[in-house]
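>
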Ligand SMILES: C[S@@+](CC[C@H](N)C(=O)[O-])C[C@H]1O[C@@H](n2cnc3c(N)ncnc32)[C@H](O)[C@@H]1O
């Protein structure tokens, strides 16, 4: 019964090749790109060999310049159906990894931060290392929670049913990623990083949570990108894991800067990681939103914190996903830092980047206030009659 879906996929592949090459691809003479031999293609569509191996499948998309296209998305979704029909429990493999990590708290990836090295602390008398360790402990828990949450579609991403977890803003604004080296800072367990890989980029993801990196490495293999690189490190000490390597693109997004005490070091890290002419792109929650009270009971926009707060802010934070998942009730003591939009842009300029644009948007991927409403595109907005305020911003900058 599962075979039916493999047939559907094979027919679709045949259609794609017919459209590209006429019937020519079925002949010995057909010179397939990048040694993707006509025999392999023929086998795929005649059924002798099916595109079961994720790596073969992704290699095919790459060889035929289909990555990142709607056709790739359609083929991945068909492949997901075939996999699921054949083995309905296939997505459980991802959850099993999460369970495994939860049981075994000694992390499976050696952690490079155990040497207690410190870095300059701009804003506090307690060492940044202390805050870092607190926040690392919080993220260890959050990784487990997020892995199980429907807000992170790990299983559908794994089968290919969901091709990309990127939001429309970054996809529209960071174009031309094909065959470019892309460094993703604070990549969590790699869904966005691997989405950029599926769009054609050659990716490296960095995060300080060893479990998140473990899952990212596991997922990379499972979805056909074993060459995707994931490193466990504090972004403020990136040179512990990335030495003398320059990238075409540095990317980071949604929920990253408030975890960093010192933006000067962060901006220098970004700049030092880029080739001359390389592009830095970020999409992030707007710092202005932090001014407003946003607990579950709030009904309006009430300013309660300084936009210019300089000290570390202790949050009894609920996991991001708890906003949509009532089963998640835990709270964690986490420390964050408020960085104004002015601070962010200035450190980037000071680090030698030329700002191409700074955009602000009235929508956000996260339910920052309980009364935000979600549209079909997964964006959340303030409902009328609230006035619009900026909820996220994006920046594109070029290394001089
Ligand atoms: C809100 S998540 C980013 C989410 C990402 N946009 C996504 O949806 O997958 C923030 C990430 O930053 C990481 N992080 C926080 N502080 C860090 C640091 N100093 N160095 C490296 N990673 C850090 C956390 O482990 C977490 O994975």
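Residue numbers (the working numbering): 49 to 448. Positions of the beta carbon are idealized from the N, C-alpha and C atoms, including for glycine.
(1) Step through the CB atoms of chain D and report whether any lies within less than 8 Å of the CB of residue 98.
(2) Tell me whether residue 61 is buried or exposed, calling it buried when 16 or more other Cβ atoms sit within 10 Å of its Cβ.
(3) Mind checking whether the beta-carbon of residue 304 lies closer than 7 Å to any heavy atom of ligand 3?
(4) Residue 426 by DSSP, collapsed to three states: which one?
(5) Return the chain-ordered list of same chain residues with a C-beta closer than 8 Å to the C-beta of residue 115, the five sequence neighbours on each side being excluded.
(6) Which residue from 190, 330, 100, 336 puts its Cα closest to that of residue 350?
(7) Suppose the cutoff is 6 Å on Cβ atoms and the five residues either side in sequence are ignored; what does the same chain contact list for residue 54 look like?
(8) Entirely within the region 191–228 and at least 4 residues each: give me those alpha helix (DSSP H) ranges in chain order.
(9) Among all the DSSP beta bridges, which residues are the ones paired with residue 186?
(10) Here's the rule: buried if 16 or more other CB atoms are within 10 angstroms of the residue's CB, otherwise exposed. What is residue 113?
(11) Is any non-hydrogen atom of ligand 1 found closer than 7 Å to the C-beta of residue 256, if you look at the structure I gave you?
(12) Assuming contact is defined by CB atoms lying nearer than 8 Å, are residue 252 and residue 284 in contact in what I supplied?
(13) Among 411, 184, 67, 127, which residue has its Cα nearest to the Cα of residue 424?
(14) Measure from the alpha carbon of residue 393 to the alpha carbon of each residue in 321, 431, 332, then state which is nearest.
(15) Going by DSSP, what residues sit across from residue 444 in a beta bridge?
(16) Over what stretch of residues does the beta strand (DSSP E) that includes residue 300 continue unbroken?
(17) Nearest to residue 35 by alpha carbon, out of 440, 417, 441, 443?
(18) Once you ignore the five residues that flank residue 260 on each side, which residues in its own chain have a CB closer than 8 Å to its CB?
(19) Check the DSSP bridge columns for residue 253 and list the partner residues they point to.
(20) Would you check if the distance between the CB atom of residue 325 and the CB atom of residue 446 is smaller than 8 Å?
(21) Quick one: measure Cβ to Cβ for residue 347 and residue 419, integer angstroms, because I've assumed they're closer than 8 Å.
(22) Does the region 435–442 touch the region 395–415, meaning 3 or more C-beta pairs lie closer than 8 Å?
(23) Let's see if you can read the secondary structure: which residues bound the alpha helix (DSSP H) around residue 240?
(24) Would residue 197 be called buried (16 or more neighbouring beta carbons within 10 Å of its own) or exposed?
(25) Apart from the five residues on each side of it in sequence, which residues of its chain come closer than 8 Å, Cβ to Cβ, to residue 291?
(26) Should residue 101 be labelled buried (16 or more other beta-carbon atoms within 10 Å of its own) or exposed?
(27) Within its chain, find whatever has a CB closer than 7 Å to the CB of residue 356; leave out the 5 residues flanking it on each side and keep chain order.
(28) When the Cα atoms are used, what is the spatial distance from residue 399 to residue 119?
(29) Can you have a look at residue 132 and say buried or exposed, based on whether 16 or more other CB atoms are within 10 angstroms of its CB?
(30) Looking at residue 328 and residue 289, is the spacing between their C-beta atoms short of 8 Å?
(31) Exposed or buried, which one is residue 178 when buried takes at least 16 other CB atoms within 10 Å?
(32) Give the straight-line distance between the Cα atoms of residue 72 and residue 57, rounded to the nearest whole angstrom.
(33) With 16 as the cutoff for other CB atoms within 10 Å, does residue 213 come out buried or exposed?
(34) Tell me which residues share the same chain as residue 125 and place their Cβ nearer than 7 Å to its Cβ, disregarding the 5 neighbours each side in the sequence.
(35) What first and last residue would you give for the alpha helix (DSSP H) that runs through residue 113?
(36) Among residues of its own chain, excluding the 5 on either side of residue 66, which ones have a beta-carbon nearer than 7 Å to its beta-carbon?
Let me lay it out:
(1) Included in the structure is just one protein chain, with no chain D present.
(2) For the purposes of this step, residue 61 is identified with residue 13 of the chain shown, where counting begins at 1. Label assigned to residue 61: buried.
(3) Of the ligands one can find in the structure shown, namely ligand 1, none is ligand 3.
(4) Taking the chain shown and counting its residues from 1, the one referred to as residue 426 is at position 378. Coil, per DSSP.
(5) The count along the chain shown starts at 1 and reaches residue 115 at position 67. Contacts found: 106, 109, 226, 246, 247, 248.
(6) Numbered from 1 along the chain shown, position 302 holds the residue referred to as residue 350. It is 336 whose Cα lies nearest to the Cα of residue 350.
(7) Residue numbering aside, residue 54 sits at position 6 when the chain shown is read from its first letter. Contacts found: 98, 130.
(8) 202–207, 216–221
(9) Here residue 186 is taken as the residue at index 138 of the chain shown, counted from 1. The secondary-structure analysis by DSSP pairs residue 186 with nothing; it has no beta-bridge partner.
(10) Numbered from 1 along the chain shown, position 65 holds the residue referred to as residue 113. Only exposed fits residue 113, as fewer than 16 other CB atoms lie within 10 angstroms of its CB.
(11) Here the question's residue 256 lines up with position 208 in the chain shown. Answer for residue 256: yes, Cβ within range of ligand 1.
(12) Counted from its first residue, the chain shown places residue 252 at position 204. Counted from its first residue, the chain shown places residue 284 at position 236. No.
(13) Taking the first residue of the chain shown as 1, we reach residue 424 at position 376. Looking at the Cα atoms, 411 is the closest of the given residues.
(14) What you label residue 393 is simply residue 345 of the chain shown in a count that begins at 1. Residue 393 has its Cα closest to that of 332, out of 321, 431, 332.
(15) For the purposes of this step, residue 444 is taken as residue 396 along the chain shown, with counting starting at 1. Bridge partners of residue 444 according to DSSP: 329, 405.
(16) Position 252 of the chain shown, counting from 1, holds the residue named residue 300. Per DSSP, residue 300 belongs to the beta strand (DSSP E) from 295–301.
(17) Nothing about residue 35 can be read from this structure; the chain reaches only from 49 to 448.
(18) On the chain shown, position 212 is the one that residue 260 refers to. The residues are 187, 191, 235, 236, 237, 238.
(19) Counting from 1 along the chain shown, the entry for residue 253 is found at position 205. Partner(s): 232, 278.
(20) Start at 1 with the first residue of the chain shown, and residue 325 comes out as number 277. Start at 1 with the first residue of the chain shown, and residue 446 comes out as number 398. The answer is yes: Cβ separation under 8 Å.
(21) Along the chain shown, one-based indexing puts residue 347 at 299. Along the chain shown, one-based indexing puts residue 419 at 371. Sure, about 7 Å apart at Cβ, within 8 Å.
(22) yes
(23) Taking the chain shown and counting its residues from 1, the one referred to as residue 240 is at position 192. Residue 240 -> alpha helix (DSSP H) spans 239–246.
(24) As a first step, residue 197 is located in the chain shown; it is residue number 149 there, counting from the start. Buried: at least 16 other Cβ atoms inside 10 Å.
(25) Residue numbering aside, residue 291 sits at position 243 when the chain shown is read from its first letter. Excluding its 5 nearest sequence neighbours in each direction, residue 291 has no C-beta neighbour in its own chain below 8 Å.
(26) Counting from 1 along the chain shown, the entry for residue 101 is found at position 53. That one is exposed.
(27) By one-based count along the chain shown, residue 356 stands at place 308. For residue 356, the CB contacts under 7 Å within the same chain, skipping 5 residues up- and downstream, are 388 in chain order.
(28) What you label residue 399 is simply residue 351 of the chain shown in a count that begins at 1. What you label residue 119 is simply residue 71 of the chain shown in a count that begins at 1. Approximately 40 Å between the Cα atoms of the pair.
(29) Translated into positions along the chain shown, residue 132 becomes position 84. Result: buried.
(30) Here residue 289 refers to the residue found at position 241 when the chain shown is read from its first residue. Here residue 328 refers to the residue found at position 280 when the chain shown is read from its first residue. For residue 289 and residue 328, no; Cβs fall outside 8 Å.
(31) Mapped onto the chain shown, residue 178 falls at position 130. Classification of residue 178: exposed, given that the 10 Å Cβ count is below 16.
(32) Here the question's residue 72 lines up with position 24 in the chain shown. Here the question's residue 57 lines up with position 9 in the chain shown. Approximately 20 Å, taken between the alpha carbons.
(33) By one-based count along the chain shown, residue 213 stands at place 165. Burial call: buried.
(34) In the chain shown, counting from the first residue as 1, residue 125 sits at position 77. The residues 208, 209, in chain order, have a CB closer than 7 Å to that of residue 125 in the same chain once the five nearest residues on each side in sequence are set aside.
(35) Here residue 113 is taken as the residue at index 65 of the chain shown, counted from 1. Following the DSSP letters along the chain, one finds residue 113 in no alpha helix (DSSP H), marked with neither H nor E.
(36) Numbered from its first residue, the chain shown carries residue 66 at position 18. So no residue of the chain qualifies.
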